[in-house]
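Below is one structure, written out as structure tokens; the observations come after it.
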Amino acid sequence: MTIVLRQICLVAERLAPVLEDFKAAFDMDVCFVDEGVAAFGLENALIPIGTNFIEVVAPVKEGTAAGRYLERRQGNGGYMVICAAASKDIQDDVRARAADQNVRVAWEHDHGSGRYMQLHPGDMGGSFFEVDLTDPFEPEGFWPPAGGRGWEDKVNTSRVKAIRAVELQSDSPEPMAERWAIIARRPLEIGEHNRAYFDLENARVRFVKALDGRGPGLSALDIEVTDKEAILAAAQARGLPHDETHVTLCGTRFHLV
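What follows is the structure, given as structure tokens:
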């Protein structure tokens, strides 16, 4: 069951200020803008972190799912965990396991080189879980949501090298962890501070208790950094919430590891 993390989607009330925050703190530039998200009443931009991506979306009209998510989570925050499956059989297995767990498919769409599949955040526990099929399957290369190819020259690892973990929070993290692990067909482990987690090929998915009053959702990322001092200095200069271990951008904690 080869499933790799490729992209994290964050949702923002306004796109431009968040992109400016990422540029200031992490020295990262936009590599792709998908005009197709306008069909969902959104605008977006993708930023490469190593061979993965941070996508930021923002509503540009009323009545969008993203807008309702902003209201429910009281502002900017994590929105989607987006992965790639190595084969159609794996994507089909994820879909079947989701159905067994009474998790709905929120959206599916064939594209020129595969199929997108999003599992409903209300059923998963606060975040979309998207498992996409692409041909070719290149865990560190070709990626249709970022335009396929051509993004590589925008990668800048002077401050940040990679996404190492995704953190999902819930008032009851244990049932959420079990559901995600079953659907991803991964063994669930118990780690530091008695927190449940499972590992994808290239990143950890961790489950924690919600303590910030914002309810269930994608709350944090662990990012491997190459210049922690520069990140913290930039966060201080820009007025971003931070301490010696993390920086908060777009309502999401970025743990510096």
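For any residue, its number in this note's numbering is found by taking its place in the sequence shown, counting from 1, and adding 59. We put the beta carbon where it would ideally sit given N, CA and C, even for glycine. Since this is a predicted model, take the numbers as computed values, not measurements.
- Between the segment 272 to 286 and the segment 132 to 146, the count of Cβ pairs shorter than 8 Å is three or higher; the stretches touch.
- Under DSSP, Y175 takes part in a beta bridge, and its partners are H168.
- Annotation for V92: N103, A104 place their beta carbon closer than 7 Å to its own, counting only its chain and skipping 5 residues before and after.
- With contacts defined by Cβ atoms closer than 8 Å, M176 and V164 form a contacting pair.
- Using a Cβ-Cβ distance cut-off of 8 Å, the segment 81 to 90 and the segment 209 to 217 are in contact, since at least three pairs of beta carbons, one from each stretch, lie closer than that value.
- For secondary structure counted as the alpha helix (DSSP H) over 4 or more consecutive residues, the segment 60 to 139 holds these complete runs in sequence order: 74 to 85, 124 to 131.
- When C-alpha distances from L280 are compared across K82, L315, N253, G298, the shortest belongs to L315.
- Assignment of D286 by DSSP, reduced to helix, strand and coil, places it in the coil class.
- The Cβ atoms of D152 and R244 sit closer than 8 Å to each other.
- Per DSSP, E260 lies in no beta strand (DSSP E) and is assigned neither H nor E.
- Contact between the segment 192 to 203 and the segment 61 to 76 is present, with at least three C-beta pairs closer than 8 Å.
- Shown here for P118: same chain residues with a beta carbon closer than 7 Å to its own, the five before and five after excluded, namely G100, L101, A125, G126 in chain order.
- DSSP places R154 within a helical segment (H, G or I) once states are collapsed to three.
- Rounded to whole angstroms, A293 and K268 show a C-alpha spacing of 30 Å.
- Taking D271 as the centre and dropping the five residues before and after it, the same chain places the C-beta of Q228, S278 closer than 8 Å to its C-beta, in chain order.
- Judged by DSSP secondary structure, R312 falls within the beta strand (DSSP E) whose first and last residues are 311 to 315.
- Put simply, the backbone Cα of G109 is about 31 Å away from that of E130.
- DSSP lists Q228 as the bridge partner or partners of G276.
- Nearest Cα to K120 within the set E288, K147, F81, E72: E72.
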